[in-house]
Amino acid sequence: MTSSIACNPVAESKKALRRRLLEARLEAASKPASNAALGRRMLDALKRYGVNSVGFYWPLAGEFDARAAIAIWLAGDAARVASLPVVKDRGVPLEFHAWTPETPMKTGHHKIAEPTSGRVIVPQLLFVPCVGFDAHGYRLGYGGGYYDRTLAAWPGPKKPVTVGIAYEACRTEALQREAHDIALDLIVTEASAYPG
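In my numbering, the protein residues as written are 3 to 198.
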């Protein structure tokens, strides 16, 4: 055990929880029925909030792949726009660039695909990937702080609606919160929706 972890039991417990939840998420993501249900819940959330611009994420291992649901939503109205995050530099807020299923992609920071459109969008609704979550609307991410930083410095006059995407297997009773943590407005899983 390193000295920094030995001096910080909260960080160690968060690290252990993250590891356990990542394993649970990977297992849950392998079930086609769960993924189909989660896609329907995403579309329900989009209908509920009635927005025209959405930010979402490029899926990493174990994360729900939202691209098919977003493509269905885009096809429903030509005025709708979707976007993906672009990491301009470590430690700065994310930018969201326009995306369609035909948009060419490039490899960005952390080896995550980013759109090459260059068109910056300020989404009205933001889908946020969750490693874990609790019923109070708090999420556990990878620990990089990108979404917390981005929401704290949001460029528009109005913050976006935030919707966490998670699997039911990743729900915990209550996450340890830090001062910078921001509760999500809604979290959807394959089984339910949790108001934040």
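Glycine included, C-beta positions come from ideal geometry on N, C-alpha and C. Computed from a predicted model, the values in this text were never measured in an experiment.
Identity of the residue in the options nearest residue i by Cα
i      : options                         : result
Val83  : Gly166, Ile123 and Leu40        : Ile123
Ala176 : Gly93, His138 and Ala18         : His138
Ala154 : Arg92, Leu86 and His182         : His182
Tyr121 : Gly145, Leu19, Phe98 and Pro103 : Looking at the sequence provided, one finds Arg at residue 121 rather than Tyr. Here the closest residue by C-alpha is Phe98.
Ala80  : Leu86, Thr102 and Thr152        : Thr102
Tyr144 : Leu48, Glu65, Arg50 and Tyr51   : Glu65
Gly93  : Ala70, Thr152 and Arg42         : Thr152
Supposed close pair residue i, residue j - CB separation, criterion 8 Å
i      : j      : result
Pro95  : Thr105 : That pair is no contact at about 21 Å.
Leu186 : Ala195 : That pair is no contact at about 11 Å.
Thr164 : Leu40  : Actually they are not in contact, since the Cβ atoms of Thr164 and Leu40 sit about 17 Å apart, beyond 8 Å.
Gln178 : Lys17  : 12 Å between Cβ atoms; not a contact.
Ala26  : Ala171 : 4 Å
Leu86  : Trp60  : 6 Å
For residue j and residue i, the rounded distance between their alpha carbons
i      : j      : result
Tyr140 : Pro162 : 16 Å
Pro197 : Arg21  : 25 Å
Met3   : Ala68  : Note that Met3 scores 36 on pLDDT, short of 50, meaning its location in the model is unreliable; the coordinates nonetheless yield the value given after this. Cα-Cα distance, rounded: 37 Å.
Leu24  : Ala38  : 20 Å
Arg173 : Glu29  : 14 Å
Phe135 : Tyr169 : 9 Å
Gly78  : Ala100 : 17 Å
Lys108 : Tyr148 : 19 Å
Pro34  : Tyr51  : 26 Å
Leu45  : Ala193 : 14 Å
Ala31  : Lys160 : 33 Å
Glu180 : Asp91  : 23 Å
His112 : Trp156 : 22 Å
Leu48  : Leu19  : 30 Å
Ala8   : Arg43  : Low confidence applies to Ala8: its pLDDT is 35, below 50, so where it sits in the model is not reliable, and the reading given next is rough at best. In a straight line, the C-alpha of Ala8 is about 41 Å away from that of Arg43.
Ala70  : Gly146 : 27 Å
Cβ pair residue i, residue j closer than 7 Å
i      : j      : result
Gly158 : Val130 : no
Asp150 : Ile114 : no
Ile72  : Phe58  : yes
Gly110 : Val133 : no
Leu127 : Val53  : yes
Ser36  : Pro125 : no
Query raised in the report: Can you list the beta strand (DSSP E) stretches of 3 or more residues lying completely in the stretch 42-85, in chain order?
Result: DSSP runs (the beta strand (DSSP E)) wholly in the stretch 42-85: 55-57.
Query raised in the report: Residue ranges of each alpha helix (DSSP H) run of no fewer than 4 residues wholly in the stretch 99-172, ordered along the chain?
Result: Here the runs fully enclosed are 148-154.
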